[in-house]
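*Asks:* Below is the structure I would like to discuss, written out as structure tokens.
Number of protein chains: 2
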Amino acid sequence: MGPELSLNTITVKSLTLAQCIEACARHGIPGISPWRDVLQAMGVDAAAKHIRDAGLKVTGLCRGGMFNLPGAIDDNRRAIEEAHAIGADCLVMVCGGLPAGSKDLPAARDNVRDGLHAILPEARAAGVTIALEPLHPMTCADRSVLSTLGQALDLCDELGEGTGVAVDVYHVWWDPDLARQMARAKGRIAGFHVCDWKSPTTDLVFDRGLPGEGVIDIPAIRAMAEASGWTGGVEVEILSNHWWAQDPEAVLREIKARHAFC
Amino acid sequence: MGPELSLNTITVKSLTLAQCIEACARHGIPGISPWRDVLQAMGVDAAAKHIRDAGLKVTGLCRGGMFNLPGAIDDNRRAIEEAHAIGADCLVMVCGGLPAGSKDLPAARDNVRDGLHAILPEARAAGVTIALEPLHPMTCADRSVLSTLGQALDLCDELGEGTGVAVDVYHVWWDPDLARQMARAKGRIAGFHVCDWKSPTTDLVFDRGLPGEGVIDIPAIRAMAEASGWTGGVEVEILSNHWWAQDPEAVLREIKARHAFC
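Chains A and B are the protein sequences, given in the same order.
Mind the numbering: the first sequence is residues 1 to 262 in full-length UniProt numbering, read in order.
Mind the numbering: the second sequence is residues 1 to 262 in full-length UniProt numbering, read in order.
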């Protein structure tokens with residue numbers, strides 16, 4: 001049983017990790033999922049201690065992946081160490097887009113598969129679940145050639161033990177095959193992220209809505225996750241130029257208030 | 001055997017249909033695919049005569065669909081009449097997004113199915129192929145709840161005679177299941193549209209690239225289409241604030257020059 005609510009730190013990206021930890025405790029948010037930049041800025045050991053002292057559950061570390069970039073394997077191994085150090089439930093994988101100048105999507109997907117095979121032994125040894133996160137197809141060129149839940153589960157089938165999927169409703173809500181794939185994910189959901197699809201959406205990356213601001217039937221997708229054994233509540237991950245411009249305290253209050261929309 | 005190259009009129013949307021017809025003839029572009037607004041502005045009968053006199057093949061009429069809007073069925077019936085009048089190979093269907101205020105995606109999809117069943121008798125009687133065009137998942141909320149080629153083919157399976165698919169590389173290039181679905185589309189491809197995915201893309205609708213400007217391996221997808229029996233060449237459909245701001249003559253020259261990227 002995971003925490004009912006977790007804060008992905010990018011949601012309030014003007015805050016340091018220390019401030020996020022303190023804010024979670026103060027607002028009664030029992031879970032946290034840091035990004036690596038704020039984790040490294042605080043220092044991994046200090047962060048691990050503060051998070052433990054605050055009694056927060058670490059629902060994930062964002063993020064490994066980006067296998068299209070040079071040095072990706074070594075960087076993913078460091079991410080696995082960091083995830084282990086802070087006791088994260090999983091390392092969320094944003095697998096990377098096309099290499100610069102390439103139009104070869106099948107090759108990019110093969111490269112992701114190879115990269116995952118390369119890092120999996122370290123992940124298993126560290127007890128860190130590799131959570132494959134399919135990203136919305138509009139990010140295929142520059143962020144993730146892993147685009148659907150079905151594709152992620154195919155990879156899990158191949159990779160086996162120590163892998164799972166991170167389901168973000170923003171990335172999967174449109175999928176006509178969603179119900180079937182969510183059932184197929186039984187026992188393999190390693191993270192459940194929420195935000196909302198605003199209509200219209202004005203930016204391909206930084207215009208996500210808080211739960212209830214958009215058109216996603218979040219409770220319906222959450223019910224699918226729970227039918228597949230997920231008990232970890234929701235992690236709120238909002239990349240939004242609009243919300244980033246607001247007072248973080250107000251954003252945290254909104255997140256608490258909008259929990260009813262999840 | 002269709003024309004090797006066809007101009008979708010929205011690519012040069014500052015031109016009237018009469019100007020588009022004249023430009024196709026002058027630039028040696030043997031096919032045309034008008035949008036309904038420019039067709040209606042010219043008058044359907046006058047347009048039909050001018051297109052015939054210019055010796056152009058009509059590769060499609062854009063567009064029917066939008067079943068989420070009031071009056072959609074009657075409007076689609078008018079579109080079928082127009083497609084018949086200009087001898088269009090097909091009526092391209094952009095099926096519509098969620099109804100205003102709705103989060104019920106399954107219901108919106110059922111409504112699309114019902115709408116297609118309603119208009120199919122008229123389409124068959126008129127000899128107009130209904131070309132279901134899956135649109136990129138980023139348009140699911142506001143333009144098309146039909147998001148994948150597999151989903152479109154499932155509908156074709158159900159609807160039967162008189163239906164097919166319009167494949168636009170922009171909408172399908174990211175799909176991990178593309179090769180399988182393109183093979184499944186054998187004999188059912190009713191249109192093949194090209195443009196390119198720019199990386200980064202700055203607008204969800206109006207930032208498409210000309211062939212070669214982006215990351216899509218267009219020849220690879222075209223080869224899949226031809227392996228499935230498609231002989232109709234490529235229809236160039238570019239929705240782009242950038243290209244719309246250029247001299248249409250320059251855009252037409254670019255289209256001719258970039259045909260090698262298809």
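Note that CB positions come from ideal geometry on N, CA and C, so glycine has one too.
Under a CB-based cut-off of 9 Å, is residue 140(B) close to chain A?
*Replies:* Translated into positions along the second sequence, residue 140(B) becomes position 140. At a cut-off of 9 Å between C-beta atoms, residue 140(B) counts as an interface residue with respect to chain A.
*Asks:* Let me make sure I understand the geometry here. Which of 187(B), 219(B), 76(B), 154(B) has the alpha-carbon closest to that of residue 193(B)?
*Replies:* Taking the second sequence and counting its residues from 1, one reaches residue 193(B) at position 193. The residue with the shortest Cα to Cα distance from residue 193(B) is 219(B).
*Asks:* For the alpha helix (DSSP H) containing residue 125(A), list its first residue and its last residue.
*Replies:* Translated into the one-based positions of the first sequence, residue 125(A) becomes position 125. Residues 105 to 126.
*Asks:* Around the Cβ of residue 69(A), are there at least 16 other Cβ atoms within 10 angstroms (buried) or fewer (exposed)?
*Replies:* Position 69 of the first sequence holds residue 69(A). Burial call: exposed.
*Asks:* Can you determine whether any heavy atom of the ligand PLP sits closer than 8 Å to the C-beta of residue 69(B), and answer yes or no?
*Replies:* Questions concerning the ligand PLP fall outside what the structure shown contains, since it holds no ligand whatsoever.
*Asks:* From 143(B), 83(B), 153(B), 67(B), pick the residue whose C-alpha is nearest to that of residue 122(B); which is it?
*Replies:* For this step, residue 122(B) is matched to residue 122 along the second sequence. If we check each option's Cα against that of residue 122(B), 83(B) comes out closest.
*Asks:* Quick one: grab the DSSP three-state call for residue 61(A).
*Replies:* Along the first sequence, one-based indexing puts residue 61(A) at 61. The answer is strand: DSSP assigns residue 61(A) an E or B state.
*Asks:* Look up residue 235(A) in the DSSP assignment and give the residues it is bridged to.
*Replies:* Taking the first sequence and counting its residues from 1, the one referred to as residue 235(A) is at position 235. Note: residue 235(A) sits in a beta bridge opposite 6(A), 193(A).
*Asks:* Out of 172(A), 201(A), 168(A), 177(A), point me to the one whose CA is closest to residue 8(A)'s CA.
*Replies:* Your numbering for residue 8(A) matches position 8 in the first sequence. Answer by Cα proximity: 168(A).
*Asks:* Can you confirm whether residue 147(B), when its beta carbon is compared against all beta carbons of chain A, has any partner nearer than 9 Å?
*Replies:* The sequence position of residue 147(B) within the second sequence is 147, counting from 1. With 9 Å as the cut-off, residue 147(B) counts as an interface residue toward chain A.
*Asks:* To the nearest angstrom, report how far apart residue 234(A) and residue 90(A) are at their CA atoms.
*Replies:* Taking the first sequence and counting its residues from 1, one reaches residue 234(A) at position 234. Taking the first sequence and counting its residues from 1, one reaches residue 90(A) at position 90. Residue 234(A) and residue 90(A) have their C-alpha atoms some 14 Å from each other.
*Asks:* Can you tell me which of the three DSSP states residue 96(B) falls into?
*Replies:* Counting from 1 along the second sequence, the entry for residue 96(B) is found at position 96. Note: residue 96(B) maps to strand in three-state DSSP.
*Asks:* Quick one: any contact between the segment 9 to 29 of chain B and the segment 42 to 49 of chain A, if contact means 3 or more CB pairs under 8 Å?
*Replies:* no
*Asks:* Exposed or buried, what is residue 50(B) when buried is set at 16 or more other beta-carbons lying within 10 Å of its beta-carbon?
*Replies:* In the second sequence, the residue the question calls residue 50(B) occupies position 50. Buried.
*Asks:* Starting from the N-terminal side, write out each stretch of the alpha helix (DSSP H) that is 4 residues or longer and does not extend beyond the segment 137 to 225 of chain B.
*Replies:* 149 to 159, 169 to 172, 178 to 184
*Asks:* Put residue 20(A) into one of helix, strand or coil per three-state DSSP.
*Replies:* Here residue 20(A) is taken as the residue at index 20 of the first sequence, counted from 1. In this structure, residue 20(A) counts as helix in the three-state DSSP scheme.
*Asks:* With contact counted as at least three CB pairs below 8 Å, one residue from each stretch, are the segment 16 to 24 of chain B and the segment 70 to 80 of chain B in contact?
*Replies:* no
*Asks:* Let me see if you follow: with CB-CB separation under 9 Å, is residue 176(B) close to chain A or not?
*Replies:* Along the second sequence, read from residue 1 onward, the residue named residue 176(B) stands at position 176. Residue 176(B) counts as touching chain A.
*Asks:* Under DSSP, the alpha helix (DSSP H) around residue 80(A) begins and ends at which residues?
*Replies:* Stepping through the first sequence from its first residue, residue 80(A) is reached at position 80. Its alpha helix (DSSP H) spans residues 72 to 85.
*Asks:* Can you give me the start and stop residues for the beta strand (DSSP E) that residue 131(A) sits inside?
*Replies:* For the purposes of this step, residue 131(A) is taken as residue 131 along the first sequence, with counting starting at 1. From DSSP, the beta strand (DSSP E) with residue 131(A) extends over 129 to 132.
*Asks:* How would you write the range of the alpha helix (DSSP H) that residue 255(A) sits in, first residue to last?
*Replies:* Position 255 of the first sequence, counted from the first residue, corresponds to residue 255(A). First-last of the alpha helix (DSSP H) with residue 255(A): 248 to 257.
*Asks:* If you measure between the beta carbons of residue 35(A) and residue 63(A), is that distance less than 9 Å?
*Replies:* Residue mapping note: residue 35(A) aligns to position 35 of the first sequence, counting from 1. Residue mapping note: residue 63(A) aligns to position 63 of the first sequence, counting from 1. Against a cut-off of 9 Å, the Cβ pair of residue 63(A) and residue 35(A) comes out as a contact.
*Asks:* Do you know offhand how far residue 29(A)'s Cα is from residue 58(A)'s?
*Replies:* Counted from its first residue, the first sequence places residue 29(A) at position 29. Counted from its first residue, the first sequence places residue 58(A) at position 58. If I take the Cα positions, the gap works out to 11 Å.
*Asks:* Are residue 155(A) and residue 112(A) touching if we call contact CB-CB under 9 Å?
*Replies:* Sequence index remark: in the first sequence, residue 155(A) carries index 155 (1-based). Sequence index remark: in the first sequence, residue 112(A) carries index 112 (1-based). Cβ atoms of residue 155(A) and residue 112(A): closer than 9 Å.
*Asks:* Measuring straight from C-alpha to C-alpha, what distance separates residue 118(B) and residue 125(B)?
*Replies:* Taking the first residue of the second sequence as position 1, residue 118(B) is located at position 118. Taking the first residue of the second sequence as position 1, residue 125(B) is located at position 125. Approximately 13 Å between the Cα atoms of the pair.
*Asks:* If you drop the 5 nearest sequence neighbours on each side, which residues of the same chain put their C-beta closer than 6 Å to that of residue 211(B)?
*Replies:* For this step, residue 211(B) is matched to residue 211 along the second sequence. For residue 211(B), where only same-chain residues beyond five positions count, the Cβ hits under 6 Å are 194, 196, 218, 258, 261, 262.
*Asks:* Using C-beta distances below 8 Å, list every residue in its chain close to residue 54(B), excluding the 5 sequence neighbours before and after it, in chain order.
*Replies:* Taking the second sequence and counting its residues from 1, the one referred to as residue 54(B) is at position 54. Cβ within range, chain order: 21, 22, 24, 25.
*Asks:* Can you name the residues of chain A whose CB is closer than 8 Å to the CB of residue 240(B)?
*Replies:* Residue mapping note: residue 240(B) aligns to position 240 of the second sequence, counting from 1. Per Cβ cutoff of 8 Å: no residues; residue 240(B) is ~15 Å from chain A at best.
*Asks:* What's the call for residue 127(A), buried or exposed, on a 16-neighbour Cβ count within 10 Å?
*Replies:* Taking the first residue of the first sequence as 1, we reach residue 127(A) at position 127. Of the residues assessed, residue 127(A) falls on the exposed side of the cut-off, its CB having fewer than 16 other CB atoms within 10 angstroms.
*Asks:* Could you tell me the alpha carbon to alpha carbon distance between residue 17(B) and residue 38(B), rounded to whole angstroms?
*Replies:* Within the second sequence, the letter at position 17 stands for residue 17(B). Within the second sequence, the letter at position 38 stands for residue 38(B). When only Cα atoms are considered, residue 17(B) and residue 38(B) end up about 6 Å apart.
*Asks:* Is residue 91(B) helix, strand or coil by DSSP?
*Replies:* Translated into the one-based positions of the second sequence, residue 91(B) becomes position 91. Residue 91(B) sits in a strand when the DSSP states are folded into three classes.
*Asks:* Taking 9 Å as the threshold (C-beta atoms), are residue 251(A) and residue 6(A) in contact?
*Replies:* Position 6 of the first sequence, counting from 1, holds the residue named residue 6(A). Position 251 of the first sequence, counting from 1, holds the residue named residue 251(A). Taking 9 Å as the cut-off, the beta carbon of residue 6(A) is found no closer than this to the beta carbon of residue 251(A).
*Asks:* When DSSP builds the beta bridges, which residues end up paired with residue 33(B)?
*Replies:* Walking along the second sequence from the start, residue 33(B) turns up at place 33. DSSP lists 8(B) as partners of residue 33(B).
*Asks:* I believe residue 215(A) touches residue 141(B) by the beta-carbon criterion, under 8 Å. Please report the beta-carbon distance rounded to the nearest angstrom.
*Replies:* Taking the first sequence and counting its residues from 1, the one referred to as residue 215(A) is at position 215. Taking the second sequence and counting its residues from 1, the one referred to as residue 141(B) is at position 141. Their Cβ separation, rounded to whole angstroms, is 5 Å, which keeps residue 215(A) and residue 141(B) in contact under 8 Å.
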